[in-house]
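Novice: If you're matching them up, the sequences are chains C and R in order.
Numbering that gives the first Met the number 0 applies: residue 0 is where the first sequence begins, and numbers increase by one.
Numbering that gives the first Met the number 0 applies: residue 0 is where the second sequence begins, and numbers increase by one.
Number of protein chains: 2
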Amino acid sequence: MVKMSKHLINPRTVGRLCIYRRVLNQLSSQGTKRLFSRDLASMAGVSPSQVRQDLMNVPTNGTPQNGYAVKELAEAVVTCLGTAQSSSVVLLGAGHLGQALLHYFQATQPRMAMSAVFEINPNMVGKHLHDVPVWDIATLDQYVRSAQVRIAILALPAEEAQPATDRLVAAGVTSILNFTPVRLNAPAHVFVENNDIQMSLERVAFYAAAHTKEKVQA
Amino acid sequence: MVKMSKHLINPRTVGRLCIYRRVLNQLSSQGTKRLFSRDLASMAGVSPSQVRQDLMNVPTNGTPQNGYAVKELAEAVVTCLGTAQSSSVVLLGAGHLGQALLHYFQATQPRMAMSAVFEINPNMVGKHLHDVPVWDIATLDQYVRSAQVRIAILALPAEEAQPATDRLVAAGVTSILNFTPVRLNAPAHVFVENNDIQMSLERVAFYAAAHTKEKVQA
DNA sequence: TAGATTGTTAATCGATTAACAATC
DNA sequence: TAGATTGTTAATCGATTAACAATC
């Protein structure tokens, strides 16, 4: 009621809250009852200050004497992040990367539902991949509209990324996970997360080379 | 000689330079001769100021009248980023994600060489995937040492990530691309790039849900 | 109580953006 | 020349870290 979603948490904090959730769920399943911010920090690879700062977005139950109750804190973080099972997800592109992402998604994200894959290759259309139907990308707009899809994952060729984005946005998608190396143009109300694997590789290579150079000089 | 690698460029700038390289190469192959910082900025999805700031790390050839010569700038960025073909790359884990990454790597990174894949599953050991041999992970340390591998890609189960990292670092790896959701502990001289696909998904889901909530209230 | 930790505010740090003299 | 852009420095912005009163 009181502008619950007005103070939209920034992407970095959301990312860390996801890490905390994973750590807390694991600890909870291992039977750990309580922890301090410094414990969560070391397991998440951040500073204790950062943990406490991030947890200001979450209704916490910490006390100076006992720290946080693991189970309750995990639940609070889950509530804060939202379950998002309300909306379904579509995947664009069923090439090697798309198929791997689909498998990964189905294996690790039981709380979200991948509802359809869209492909241009007619050999794949009509089949199923990991129990998800593959449909002709020509039917994308209609599907997104009728199923009220809000989340799309892009794993298609670079040159198709922007046209596909335009269609998705026009059809009502508000959140896009982009695995292509293209920087997408999208309206401000649409959230775009770039996961540029090619860039990741290039960056790692850069620092490996830089390190070698330094060693040679030392 | 004069501390060429002393001012190690920070990861964000390196990332953007990779984007500039891609854009410039594409423009060059399309026959574009010259551009201004504002053109490169709009194609890379950043501000013109940012472009010029980033290009301070690169020996540039820009002039107020004509902007930059595309081909020369592309070459300068390539030189700055380094080719890194000196070192070979190993992949740990040949599951769905690992295989997809291998395919992606072989298809898009001809300038780097993937030299071996390591797996624990005996059914895969001894085979080839995309012309790359799959070896028993027990032989990892010896291989990394003898081939002087400096770059490793992690695509194995979460619980194996930290032990594998320890072995890689001990054997001389200096740069790790981590596709597991685990935050790795590694010495400061080792560069670790986290590409957490699970987190990407969760973040996209968060903003989709947040957006829906806002709309409901508006 | 004494001591350590939380929740939160203040200070610092780093990165992006703006400004502007030099210049073609 | 006049005008626009570069290279670079200064200002702003945002995020992380430090500090500290409240507290159990």
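A virtual CB, placed ideally from N, CA and C, is assigned to each residue, including glycine.
Could you tell me whether the Cβ of His95/C comes closer than 8 Å to any Cβ of chain R?
Specialist: For the purposes of this step, residue 95/C is taken as residue 96 along the first sequence, with counting starting at 1. Cβ-Cβ to chain R under 8 Å: yes for His95/C.
Novice: At what residues does the beta strand (DSSP E) containing Asp135/R begin and finish?
Specialist: Here residue 135/R corresponds to residue number 136 of the second sequence, with the count starting at 1. Unbroken beta strand (DSSP E) run through Asp135/R: Val131 to Asp135.
Novice: Listed in chain order, which residues of the stretch 146-169 of chain R have Cβ atoms closer than 7 Å to some Cβ of chain C?
Specialist: For the stretch 146-169 of chain R, which is checked against every Cβ of chain C, the residues closer than 7 Å are Arg149 and Ile150.
Novice: Who are the neighbours of Val206/C on chain R, taking C-beta pairs under 7 Å?
Specialist: Taking the first sequence and counting its residues from 1, the one referred to as residue 206/C is at position 207. Residue identity differs from the one stated: residue 206/C is Tyr in this sequence, not Val. Going along chain R in sequence order, the residues near Tyr206/C (Cβ under 7 Å) are Ser174 and Phe190.
Novice: For Ala163/C, which option in Phe205/C, Ala146/C, Arg51/C and Asp135/C has the closest C-alpha, if you only look at C-alpha atoms?
Specialist: In the first sequence, the residue the question calls residue 163/C occupies position 164. Checked all of Phe205/C, Ala146/C, Arg51/C and Asp135/C; the closest Cα to Ala163/C is Asp135/C.
Novice: To which residues of the same chain is Leu39/C closer than 7 Å at the C-beta, ignoring the five residues directly before and after it?
Specialist: The residue labelled residue 39/C in the question sits at position 40 within the first sequence. Here the set comprises Tyr19, Val22 and Val50.
Novice: Under 9 Å between beta-carbons, which chain C residues line up against His102/R? List them in chain order, please.
Specialist: As a first step, residue 102/R is located in the second sequence; it is residue number 103 there, counting from the start. Chain C residues near His102/R: Gly94, His95, Leu96 and Ala99.
Novice: Ala204/R to Asn177/C, Cα distance in whole Å?
Specialist: By one-based count along the second sequence, residue 204/R stands at place 205. By one-based count along the first sequence, residue 177/C stands at place 178. Taking the straight line joining both Cα atoms gives about 13 Å.
Novice: Among Ser27/R, Glu71/R, Val168/R and Ala157/R, which one has its Cα closest to the Cα of Tyr144/R?
Specialist: Translated into positions along the second sequence, residue 144/R becomes position 145. Looking at the sequence provided, one finds Arg at residue 144/R rather than Tyr. Looking at the Cα atoms, Val168/R is the closest of the given residues.
Novice: When you compare the CB positions of Leu236/R and Ile152/R, do they come within less than 8 Å of one another, or not?
Specialist: The first residue shown for chain R is 0 and the last is 217, placing residue 236/R beyond what the model contains.
Novice: What residues are listed by DSSP as bridge partners for Leu128/R?
Specialist: One-based indexing of the second sequence puts residue 128/R at position 129. For Leu128/R, which the question treats as bridged, DSSP gives the partners Val131/R.
Novice: Rounded to whole angstroms, what's the CA-CA distance from Pro10/R to Ala146/R? Just pull it up for me.
Specialist: One-based indexing of the second sequence puts residue 10/R at position 11. One-based indexing of the second sequence puts residue 146/R at position 147. Using only the alpha carbons, I get a separation of about 27 Å.
Novice: Closest to Leu87/R by CA distance: which of Gln197/R, Ser114/R and Ala99/R is it?
Specialist: Position 88 of the second sequence, counted from the start, is the residue given in the question as residue 87/R. Looking at the sequence itself, residue 87/R is Ser, so the reference to Leu does not match. Closest by alpha carbon: Ser114/R.
Novice: According to DSSP, simplified to helix, strand and coil, what is Arg182/R?
Specialist: The count along the second sequence starts at 1 and reaches residue 182/R at position 183. Looking at Arg182/R - three-state DSSP - the assignment turns out to be coil, as it is neither helix nor strand.
Novice: Could you name the residues of the same chain whose beta carbon sits closer than 7 Å to that of Gln161/R, not counting the 5 residues immediately before and after it, in chain order?
Specialist: For the purposes of this step, residue 161/R is identified with residue 162 of the second sequence, where counting begins at 1. Taken in chain order, the residues that qualify are Val181, Leu183 and Asn184.
Novice: Within the 8 Å Cβ cut-off, does Ile119/R reach chain C?
Specialist: Within the second sequence, residue 119/R is the residue found at index 120, counting from 1. So no, Ile119/R is outside the interface.
Novice: Can you round the beta-carbon distance between Leu56/C and Ile119/C to whole angstroms, since I take them to be within the 8 Å contact cut?
Specialist: Stepping through the first sequence from its first residue, residue 56/C is reached at position 57. Stepping through the first sequence from its first residue, residue 119/C is reached at position 120. Inspection of the sequence shows that residue 56/C is occupied by Asn rather than by Leu. Wrong, their Cβ atoms sit about 41 Å apart, outside the cutoff.
Novice: Return the first residue and the last residue of the alpha helix (DSSP H) that Ala75/C is part of.
Specialist: In the first sequence, counting from the first residue as 1, residue 75/C sits at position 76. It spans Val69 to Leu80 - the alpha helix (DSSP H) in which Ala75/C sits, taken as one unbroken run.
Novice: Counting C-beta neighbours from all protein chains within 10 Å, is the total for Glu158/R 16 or more, i.e. buried, or is it exposed?
Specialist: For the purposes of this step, residue 158/R is taken as residue 159 along the second sequence, with counting starting at 1. With fewer than 16 Cβ atoms within 10 Å of its Cβ, Glu158/R is classed as exposed.
Novice: Any beta-carbon of chain C closer than 8 Å to the one on Pro10/R?
Specialist: Taking the second sequence and counting its residues from 1, the one referred to as residue 10/R is at position 11. So yes, Pro10/R belongs to the interface.
Novice: Can you name the residues that DSSP bridges to Phe190/R?
Specialist: In the second sequence, residue 190/R corresponds to position 191, counting from 1. Paired residues: Ser174/R.
Novice: Buried or exposed: where does Gly30/R fall if 16 or more other Cβ atoms within 10 Å of its Cβ makes it buried?
Specialist: In the second sequence, the residue the question calls residue 30/R occupies position 31. That one is exposed.
Novice: For Leu26/R, which residues from the same chain have a beta carbon less than 6 Å from its beta carbon, with the 5 sequence-adjacent residues on both sides left out?
Specialist: The sequence position of residue 26/R within the second sequence is 27, counting from 1. Closer than 6 Å at Cβ, skipping near neighbours: Val69.
Novice: Name the one or two DSSP bridge partners that Glu159/R has.
Specialist: As a first step, residue 159/R is located in the second sequence; it is residue number 160 there, counting from the start. Partner(s): none; Glu159/R has no beta bridge.
Novice: List the residues of chain C whose Cβ lies closer than 8 Å to the Cβ of Met198/R, in chain order.
Specialist: For the purposes of this step, residue 198/R is taken as residue 199 along the second sequence, with counting starting at 1. Under the 8 Å cutoff, chain C gives Gly14, Cys17 and Ile18.
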